[in-house]
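Q:
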Amino acid sequence: MSVRIAIDTGGTFTDLVLSDPDTGRLVFHKVPSTPADPSRALVEGVKGLVDRAGVGTAEILFLIHGTTVATNTILQRKGAHTAFITTEGFRDVLHIQRQDRPHLYNMRIRRTPALVPRSLRYELPERTLHDGSEAAPIDQDRLGSLVAALREEGIEAVGVGFLHSHIDPGHEQSAGEVLRRALPETTVCLSSDMSREEGEYERFSTCVMNAYVQPIMTNYLKKVDDALSKASIEAPLYVMKSNGGVTSARDAADHCVHTILSGPAGGVVAGEEIGRRLDRPNVITADMGGTSFDVAMIYERNIAFAKNAEIDGLALKAPMMDIHTIGAGGGSIAWIDSGGALRVGPQSAGAEPGPACYGAGGSEPTVTDANLVLGRLSTDSLLGGALSLDSETARRVIDEKIAASLQCTVEEAAEGIIRVINASMTAAIRKLTVERGYDPRLFTLVPFGGAGPLHGTALARELGIRDVVVPLAPGVASAEGLVFSNLRSDRIQTHVELLDRLGASEFEKMLEELTVQAEGDLSTSSATGHPVISRRAGLRYAGQGYDIPIDLPEGAADLALLESAFHLEHERQYGFARRDQRVQLVNLWVSAELVISGSRRDTAERAVPDRPKPPTMRPVYLSGNWIETAVFDRTALRSGQQIDGPAIIEQLDSTTLIWPGEHAGIDAWDQIVIAGLENP
Amino acid sequence: MKTDPITLELMRNRWTGIAEEMCAALIRTSYSTNIKDRRDCSAAIVQPTGEILAQAESGVPLHLGVMPGVVKSILEVYPVSAMKPGDVYITNLPYPEGPGHLPDVSLVSAIFYENRAVALAASTAHHVDMGGFAPGSMPFGVTEIYQEGLQIPPLPIFKGGQLDEDIYKLINQNVRTQYEVRGDLMAQYACAQIGQQRVSELMSRESPEEVIHYMDEIQDYAERRMRAGIGTLPDGEYTFEDYLDDDGVTDTPVKIAVALTVSGDELRADFSGCSDQVLGPLNARLPAAASCISYVCKAVIDPDLPACAGAYRPLDIFAPEGSILQATYPAAIGNANILTDQRVVDVLMGALYQAAPDRVCAACSGEMNLVNIGGIDPASGEYYNYVETYAGGQGAMFDIDGEDGVHTHLTNTRNAPVEIMERTYPLRVERYGLIPDTEGPGRQRGGCGMMRELKCLGERTIITLGSDRRKFTPWGLEGGGNASGAHCYVIDNEGQVREIPTKAHTELYRDDVLRIETPGGGGWGDPAERVREKVEEDVRNELIGPERASGHYRWGKDQ
């Protein structure tokens, strides 16, 4: 027997999942996080999990880790003492960014200061031009004095970013070599190793970010490794990346900016896995927690990637999934604005003091308070009743702060709060889909997080989505996704050229180079086998500023076919094509994916209760009426069982609401499938 | 029909969402750098009466006040009742009301549901060229709109979904960058199509009567928000004035003055004190001043104010006919957007300082530093045109420093990356960065200005520069000092440096270097009171030299 284990480190809890591919068994475990040293909770959690599952540490095949170390290092400015060396005349690129400001109207909001202050951004005479030719060689004397300055300053990490290094990285590489030789203890990070895309600010920013985090990440992963060894766990550790694939711990440290979405990526992979199980190629994942709502899209079995990513206002060029986040969650505060309209969020009561019903000093009405007042949450529905909710307080704050102004009943006010927050979440999903030319009606919605399944079908109906699938354990969906993930590497190269000036053989050669690089990235792991390669070309009409990715079929490249596929896709997204115009290649993208070992989850074989446990009943306020509603315990449901709405399904970390007229079924994977929803 | 505040909020979000989606489609399919990179465009949903219901702006707030005039000028010639599905109307004519200058091209079309025009879709986008005296169609050295470029009065440009090739041929012949202009018109058409689709979907999902009912409710709601915001300002009359250096033709300074009257929940802005219209292209029409007021209300009163007609009901804006903000045809108008309007905002801030000192900032760079470079690209033999506005310093507020090298107030367009510029144009960027010692000193300091050096690689390069604040530098408040002003230099291919006017139309030759310096932002409060650690940090970062630190900031001296 051999099992795989996933560990998802969150702010409050560290979630763990053990998967036994032979039996399809999943075991869940949760321990409090230890933010000062996240490796402690990780190792304690793993020990607890194997105990609970009754397996020995020797039976662990490997571990997969979703970590927030890179993200937190940046958000908390706890990185290494970092310097940056750039082309003479350009040290302020990191300061000016793209010269715009973060908010059009709020004059108080400032840009995020660069991770490296101006005094530690050094200039070096050297110059490469846009065609890769050398206009000026590196000034070696100056480089020598920079080495001395870095040593003097006690620099722990240095980024090197020169203009046009995405075309020819020669200067960066030779400067990097000098630095590594002279400063063997210092982390050296080249912008061309981080990204081969055009645009100096974004590439330099990525480079500096990686340099800043790399020593911290390296230390952390070493600590984890030592602690696992001490616990006699010798299985290899993989780390989740922002692209939805995992990589070796070593690669994760060297390219730590690739792990920025390591935490939330798991949830999206869970959605992808659910889509695969149910043969649903198009999935929208919606993670609703206490303060934020994260949505992502899987289209034609591929996770949608972000074009321009940033973290904390700093640009980041790394292959990463497109997770669109808005400030909407159970803690979002409802208020009446100066025009008399009901608004919800973006202010949140957070975890402390939390919603008014937590009884921890919160005095503002929140979404959770509204759900409680409407009977959709029960007073003992959080953490299996460990936290008791105070519905009297929830009623009172909604009455005083909302119902009184709107001159309506408390229930009407509470239902209004839910409708308004649902509208914000719907708008977020529309931004991700409709604005990019995707029709949400072709998707399945997978809601998770503590609050997602409570709002899931309402969002789906508003968007015209017909089917909703609630995962087995919505509160730990990210960890569940980790356990089913594969090794993956993405390589992207900017190459701007008119398609009709590009020979098929040149095109092939570039793809081949990228493929070799991507496969090389995977070879650092202990997994064997042949990776699955997928290739894409970013195209646009010459003169446009945004490219559309077009999948390349296997086999020899057919540029004419590629061009006509682009016209079609442009027409699909924007309603017109310009077939008389020349088409331009902008970039090539190759991804390599390798299954670590049998990671598919088969249908569960487990003991099921002979007879379904009968539901209890409670009144729930739905569309203006109190309706006597069946309340089910999720652990007592068995596959094949049908539940007609109205119904509530409660479990340890989440509550699912089935509206009147909706029909839910429990499938072979113990997921709740609510299919055939109709528009309002 | 009964109105409930919950449905009101839902409806408002839906309309905003549709306008945003229209604007996103326009940006993603456009060709002009101005639109695709710098997002100088906007899209709006308009009620059939001509009242803006929802507007999305991405890069610039300048279109906010202008859109009503655009729609009005089209509806006067082509009433909604005469519009058919697939018909789209165009105009770029600022007189009597319309877009702010000729490169801003607006398209308006009716949105139908069950054969009834339920709304209008409108968009404005800054096209790369509309012909005239110089590439980019915002020339200096001109005195009439005829010289600035092609004037397109309201005309049907698409009929039944087809581009009118006859009208298009006339446009095509008059613009330098035909390929882009056609592409951008198609992008604006795509924007209108998205509007039509989404509104149809909304109408068929909800009750059409309810949707229409709530259009008026949204206007009333926005009016209440604006009134509540104005109500937070103390009643009184607040005046302020500042000067533009010159009009680019004569040397006479141009006065911008306002008298703001707050009474209860209403606001009147009287620009009677401004200069008469001028010879150079700094003249504007009143809708531009309306944009400035709209912006300032959002910035000072409530950043979240809805962008719709109702919000502007409590505002009364006046400028006499024949004055710089209400110029008479055919006065040249091309650079009001980037110079005059930006200064109107500074002046409004100065006036509001007296009413709400903790909500305004000192003078920002006060202009947009337009750089327009065109000529024949030696590599391709084709005409190229590079246009960008350069950021400057932001004015300090009572408790925070201004940002360095950032776009302020009416513009928020992104820069052109060096790597893209050098690949696309026969230009080499030699330096790009902040200029030390250009901040307005203060307890809170203003932002530093910025410089860029560009080497021209073509044989003959035509330059248009549009900047200001060389003489009248950005002012500080409460004892804060003025920032440095704008300067432009040419370093010719023999190494000779000469300063050239900041408003200029000139030619450069192979290997000449153009150096642009932008103004900083004004300071706030006595610089001697600045926190010592902050002075030291600026000195360490070489943004403030030791001499300036010990002078203005009394650094290293007894306090």
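In order, the protein sequence lines correspond to chains A and B. Under the working numbering, the residue at position 430 of the first sequence is numbered 448, and the numbers go up by one with no gaps. Under the working numbering, the residue at position 33 of the second sequence is numbered 50, and the numbers go up by one with no gaps. Don't be surprised by glycine CBs; every beta carbon is placed ideally from N, CA and C. For clarity, every value in this text was computed on a predicted model and none was experimentally measured.
Does the CB of asparagine 558 of chain B have a neighbour CB from chain D at under 8 Å?
A: As a matter of chain content, chain D is missing from the structure shown, whose protein chains are A and B.
Q: Between aspartate 421 of chain B and chain A, is the shortest Cβ-Cβ distance under 8 Å, so that the two count as touching?
A: Counted from its first residue, the second sequence places residue 421 of chain B at position 404. Aspartate 421 of chain B counts as touching chain A.
Q: Distance, Cα to Cα, glutamate 215 of chain A vs valine 604 of chain A?
A: Position 197 of the first sequence, counted from the first residue, corresponds to residue 215 of chain A. Position 586 of the first sequence, counted from the first residue, corresponds to residue 604 of chain A. The straight-line gap from Cα to Cα measures roughly 10 Å.
Q: Indicate whether threonine 89 of chain A and isoleucine 278 of chain A have their beta-carbon atoms separated by less than 8 Å.
A: Here the question's residue 89 of chain A lines up with position 71 in the first sequence. Here the question's residue 278 of chain A lines up with position 260 in the first sequence. Yes.
Q: Please report the distance separating the alpha-carbon of valine 77 of chain B from that of tyrosine 329 of chain B.
A: Stepping through the second sequence from its first residue, residue 77 of chain B is reached at position 60. Stepping through the second sequence from its first residue, residue 329 of chain B is reached at position 312. Each residue's Cα considered, the two are about 18 Å apart.
Q: Roughly how many angstroms separate the alpha carbons of alanine 274 of chain B and valine 361 of chain B, rounded to a whole number?
A: On the second sequence, residue 274 of chain B is found 257 positions in, with the first residue counted as 1. On the second sequence, residue 361 of chain B is found 344 positions in, with the first residue counted as 1. Rounded to whole angstroms, alanine 274 of chain B to valine 361 of chain B spans 8 Å at the Cα level.
Q: Determine which residues share a DSSP beta bridge with glycine 556 of chain A and list them.
A: The sequence position of residue 556 of chain A within the first sequence is 538, counting from 1. Glycine 556 of chain A pairs with A:Pro567 and A:Asn605.
Q: Taking 8 Å as the cut-off, does the region 34 to 47 of chain B touch the region 238 to 253 of chain B (at least 3 CB pairs, one atom from each stretch)?
A: Not touching, per the Cβ criterion.
Q: Closer than 8 Å by beta-carbon distance: list the chain B residues that pair up with arginine 448 of chain A, in chain order.
A: Numbered from 1 along the first sequence, position 430 holds the residue referred to as residue 448 of chain A. Those within 8 Å of arginine 448 of chain A in chain B are Gly34 and Glu38.
Q: Closer than 9 Å, Cβ to any Cβ of chain A: which residues of the region 467 to 485 of chain B, in chain order?
A: Met467 and Glu470
Q: Whole alpha helix (DSSP H) runs in the region 176 to 236 of chain A with 4 or more residues, listed along the chain?
A: 188 to 200 and 209 to 212
Q: Quick check: what's the CA-CA separation for alanine 625 of chain A versus tryptophan 644 of chain A?
A: Along the first sequence, one-based indexing puts residue 625 of chain A at 607. Along the first sequence, one-based indexing puts residue 644 of chain A at 626. Caution applies to alanine 625 of chain A, whose pLDDT of 48 falls short of 50 and renders its modelled position unreliable; the value that the coordinates give is listed next. Going by the C-alpha atoms only, they are around 37 Å apart.
Q: Can you list the alpha helix (DSSP H) stretches of 4 or more residues lying completely in the region 38 to 89 of chain B, in chain order?
A: 50 to 53
Q: DSSP state of glycine 450 of chain B, grouped into three classes?
A: Sequence index remark: in the second sequence, residue 450 of chain B carries index 433 (1-based). Three-state result, glycine 450 of chain B: strand.
Q: Distance check for threonine 30 of chain A and histidine 416 of chain A, CA to CA, integer angstroms please.
A: Against the first sequence, residue 416 of chain A aligns to sequence position 398. Against the first sequence, residue 30 of chain A aligns to sequence position 12. In the sequence as displayed, the identity of residue 416 of chain A is isoleucine instead of histidine. Going by the C-alpha atoms only, they are around 28 Å apart.
Q: Roughly how far, in whole angstroms, is the beta-carbon of isoleucine 334 of chain B from the beta-carbon of alanine 307 of chain B, given that I think they are within contact range, below 8 Å?
A: As a first step, residue 334 of chain B is located in the second sequence; it is residue number 317 there, counting from the start. As a first step, residue 307 of chain B is located in the second sequence; it is residue number 290 there, counting from the start. Contact flag correct, Cβ pair sits at about 6 Å.
Q: By the 10 Å Cβ neighbour count, where 16 or more other Cβ atoms means buried, how is aspartate 183 of chain B classified, buried or exposed?
A: For this step, residue 183 of chain B is matched to residue 166 along the second sequence. With fewer than 16 Cβ atoms within 10 Å of its Cβ, aspartate 183 of chain B is classed as exposed.
Q: Mark threonine 41 of chain A as exposed unless 16 or more other C-beta atoms lie within 10 angstroms of its C-beta, in which case mark it buried.
A: Stepping through the first sequence from its first residue, residue 41 of chain A is reached at position 23. The residue is exposed, with fewer than 16 neighbouring Cβ atoms inside 10 Å.
Q: Is there a Cβ from chain B that is less than 8 Å from the Cβ of arginine 590 of chain A?
A: By 1-based counting over the first sequence, the position of residue 590 of chain A is 572. Chain B contact via Cβ: absent.
Q: Using a Cβ-Cβ cut-off of 7 Å (strictly less than) and excluding sequence neighbours within five positions of glutamate 623 of chain A, which residues of its own chain qualify?
A: Counting from 1 along the first sequence, the entry for residue 623 of chain A is found at position 605. Annotation note: pLDDT 48 at glutamate 623 of chain A (below 50); position unreliable, no value reported.
Q: How many Å lie between valine 514 of chain A and leucine 477 of chain A at the Cα?
A: In the first sequence, residue 514 of chain A corresponds to position 496, counting from 1. In the first sequence, residue 477 of chain A corresponds to position 459, counting from 1. Looking at the two C-alpha atoms, the distance is approximately 41 Å.
Q: Just to confirm my understanding: we take alanine 301 of chain B, look at its own chain, exclude 5 residues before and 5 after, and list those with CB closer than 6 Å. What are they?
A: As a working note, residue 301 of chain B is residue 284 in the second sequence. Taken in chain order, the residues that qualify are Leu342, Ala353 and Thr357.
Q: Considering just the uninterrupted stretch of the beta strand (DSSP E) at valine 691 of chain A, what are its terminal residues?
A: By 1-based counting over the first sequence, the position of residue 691 of chain A is 673. Residues 690 to 692.
Q: Give the DSSP-derived three-state secondary structure of alanine 286 of chain B in the structure shown.
A: Position 269 of the second sequence, counted from the start, is the residue given in the question as residue 286 of chain B. Looking at alanine 286 of chain B - three-state DSSP - the assignment turns out to be strand.
Q: Can you name, in chain order, every residue of its own chain whose Cβ lies under 6 Å from the Cβ of isoleucine 318 of chain B, other than the five neighbours on each side?
A: As a first step, residue 318 of chain B is located in the second sequence; it is residue number 301 there, counting from the start. Excluding positions up to five away in sequence, the list reads Gly246.
Q: Closer than 6 Å by C-beta to cysteine 58 of chain B: which residues in its own chain qualify, once you throw out the five before and the five after it? Chain order, please.
A: Locating residue 58 of chain B in the second sequence gives position 41, counting from the first residue. Counting only Cβ-Cβ distances below 6 Å, and skipping sequence neighbours, we find Leu43, Ile52 and Ala142.
Q: Hey, could you find the ends of the alpha helix (DSSP H) lysine 551 of chain B is sitting in?
A: The sequence position of residue 551 of chain B within the second sequence is 534, counting from 1. 549 to 557 is the extent of the alpha helix (DSSP H) around lysine 551 of chain B.
Q: Would you say methionine 227 of chain A faces chain B, with C-beta separation under 8 Å as the test?
A: By one-based count along the first sequence, residue 227 of chain A stands at place 209. So, not an interface residue.
Q: Do tyrosine 112 of chain B and proline 171 of chain B have their beta-carbon atoms positioned less than 8 Å apart in this structure?
A: On the second sequence, residue 171 of chain B is found 154 positions in, with the first residue counted as 1. On the second sequence, residue 112 of chain B is found 95 positions in, with the first residue counted as 1. By the CB criterion at 8 Å, proline 171 of chain B and tyrosine 112 of chain B fall outside the cutoff.
Q: With DSSP as the reference, identify every bridge partner of glycine 391 of chain B, one or two as the case may be.
A: Working through the second sequence from its first residue, we reach residue 391 of chain B at position 374. DSSP lists B:Asn402 and B:Ile479 as partners of glycine 391 of chain B.
Q: Whole angstroms are fine: how far does the CA of aspartate 685 of chain A sit from the CA of glutamine 659 of chain A?
A: Numbered from 1 along the first sequence, position 641 holds the residue referred to as residue 659 of chain A. Numbered from 1 along the first sequence, position 667 holds the residue referred to as residue 685 of chain A. Rounded to the nearest whole angstrom, the CA to CA distance from glutamine 659 of chain A to aspartate 685 of chain A is 8 Å.
Q: Enumerate, from N- to C-terminal direction, the unbroken beta strand (DSSP E) stretches of 3 or more residues contained entirely within the region 319 to 373 of chain B.
A: 332 to 335
Q: List the endpoints of the continuous alpha helix (DSSP H) containing histidine 588 of chain A.
A: On the first sequence, position 570 is the one that residue 588 of chain A refers to. Here the alpha helix (DSSP H) through histidine 588 of chain A covers 577 to 592.
Q: Closer than 7 Å between beta carbons: that is the criterion. Which residues of the region 378 to 391 of chain B meet it against chain A?
A: Cys378
Q: Identify the contact partners of serine 163 of chain A in chain B, using a Cβ-Cβ distance below 8 Å as the criterion.
A: As a first step, residue 163 of chain A is located in the first sequence; it is residue number 145 there, counting from the start. Going along chain B, no residue has its Cβ under 8 Å from serine 163 of chain A, so there is no contact; the nearest lies around 17 Å.
Q: Quick one: does the C-beta of glutamate 240 of chain B sit closer than 7 Å to a heavy atom of the ligand GDP?
A: What this structure holds is no ligand at all, so the ligand GDP is not there to describe.
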